[in-house]
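Engineer: Sharing a structure below in structure tokens format, with a few things to ask.
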Amino acid sequence: MRKSYTNVVITGVGGLGNILLTRLTGMALYQRHPRVITSEERGIAQRTGSVSAVVRAGREIETSCLYSQHTDYLLGLEPLEALRKLPLCQRGTVTLLSDLQFPTGRSLARQRQYPDLQHIVQAFSAHCSLLLIPMQQLLRREQLADKFSSAVMFGVFCASYGFSHSFALQLLSETVAPAYLASNQRALAAGFDWLEQQDLPAAPEHALKRA
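Just so you know, the sequence shown maps onto residues 624 to 834 in our numbering.
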């Protein structure tokens, strides 16, 4: 039986567009589900501050809380912050992970050494399906700042979930200020184009035909 809900965890640091990604993801899922609950889980959207959110979509959901290993998608805008959410992942989870390393202010203050990215990749690969997004390369190619990684991630998520590029563009135009729309559109296209060239992991059972 096809699942009647979708749970998405979004994590990163301030300055990478976490709030925008959360809003766009909620709006997109509302096209597939009659009810969507979005909440910021912890942290504040300050530069280098840890930020995390949960988006739950489904007919019978009543809370944004995740009670167990119950995440369908983990959207990791920052690898180390995503690693903190590994306990929420299981075999059916699809993790979309940016390679853009951006230590939190707390880690910098304590002068902690950043873990090797390959170790983080191995940890996720042992628990769930993983797509490592070459975010640094994509942003550099499009000459975009780090904050546009949220639009790249949204493009990858939409393509993975089965939403069309035109649908994602429509949501973007309804959400982003005109001054930043063109740059976000380029970032979105970069995410879509990259995903379409990949060998995808097994998609969650809720992924349907394109919107």
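For every residue, glycine included, the Cβ atom is placed at its ideal position computed from N, Cα and C.
Predicted model only: the values in this text are computed from it and were never measured.
1. What's the gap between the Cα of A676 and the Cα of L761?
2. Below 8 Å on the Cβ atoms is my guess for V869 versus A813; work out the distance and round it to an integer in Å.
3. Could you check which residue in V744, G649 and L719 has the C-alpha nearest to that of S783?
4. Should E819 be labelled buried (16 or more other beta-carbon atoms within 10 Å of its own) or exposed?
5. Is it true that the segment 762-773 meets the segment 734-752, where meeting means three or more beta-carbon pairs spaced less than 8 Å apart?
6. With the cut-off set at 8 Å, would you say E701 and V636 are in Cβ contact?
7. Would you kindly work out how many angstroms separate the C-alpha atoms of P710 and T694, rounded to a whole number?
8. Can you tell me the Cα-Cα spacing of L792 and T648, whole angstroms?
9. Which value, in whole angstroms, describes the spacing of the CA atoms of W817 and L754?
10. I need the straight-line Cα distance from Y628 to R714, nearest angstrom please.
11. Taking just the CA atoms, how far does I756 sit from S748?
12. CA-CA distance, L804 and Q759?
13. Would DSSP call A676 helix, strand or coil?
14. Run through the segment 746-805 for me and flag every whole beta strand (DSSP E) of 3 or more residues, listed as ranges in chain order.
15. For the beta strand (DSSP E) containing L698, name the first residue and the last one.
Structural biologist: Judging by the given coordinates:
1. The residue given as residue 676 occupies position 53 in the sequence shown. The residue given as residue 761 occupies position 138 in the sequence shown. Roughly 24 Å separates the two Cα atoms.
2. This structure leaves residue 869 out entirely; the chain is present only between 624 and 834.
3. Counting from one through the sequence shown, the residue named residue 783 turns up at place 160. Checking every option, the nearest Cα to that of S783 belongs to L719.
4. Start at 1 with the first residue of the sequence shown, and residue 819 comes out as number 196. Burial call: exposed.
5. no
6. Your numbering for residue 701 matches position 78 in the sequence shown. Your numbering for residue 636 matches position 13 in the sequence shown. Against a cut-off of 8 Å, the Cβ pair of V636 and E701 comes out as a contact.
7. For this step, residue 710 is matched to residue 87 along the sequence shown. For this step, residue 694 is matched to residue 71 along the sequence shown. Going by the C-alpha atoms only, they are around 10 Å apart.
8. Here residue 792 refers to the residue found at position 169 of the sequence shown. Here residue 648 refers to the residue found at position 25 of the sequence shown. Between L792 and T648, the C-alpha separation is close to 13 Å.
9. For the purposes of this step, residue 817 is taken as residue 194 along the sequence shown, with counting starting at 1. For the purposes of this step, residue 754 is taken as residue 131 along the sequence shown, with counting starting at 1. Using only the alpha carbons, I get a separation of about 11 Å.
10. If you number the sequence shown from 1, residue 628 lands on position 5. If you number the sequence shown from 1, residue 714 lands on position 91. Cα to Cα, Y628 sits roughly 17 Å from R714.
11. Position 125 of the sequence shown, counting from 1, holds the residue named residue 748. Position 133 of the sequence shown, counting from 1, holds the residue named residue 756. Rounded to the nearest angstrom, the two C-alpha atoms are 14 Å apart.
12. Along the sequence shown, one-based indexing puts residue 804 at 181. Along the sequence shown, one-based indexing puts residue 759 at 136. About 20 Å.
13. For the purposes of this step, residue 676 is taken as residue 53 along the sequence shown, with counting starting at 1. A676: strand per DSSP, three-state reduction.
14. 752-756
15. Counting from one through the sequence shown, the residue named residue 698 turns up at place 75. Taken as a continuous stretch (DSSP letters only), the beta strand (DSSP E) holding L698 covers Y696 to G699.
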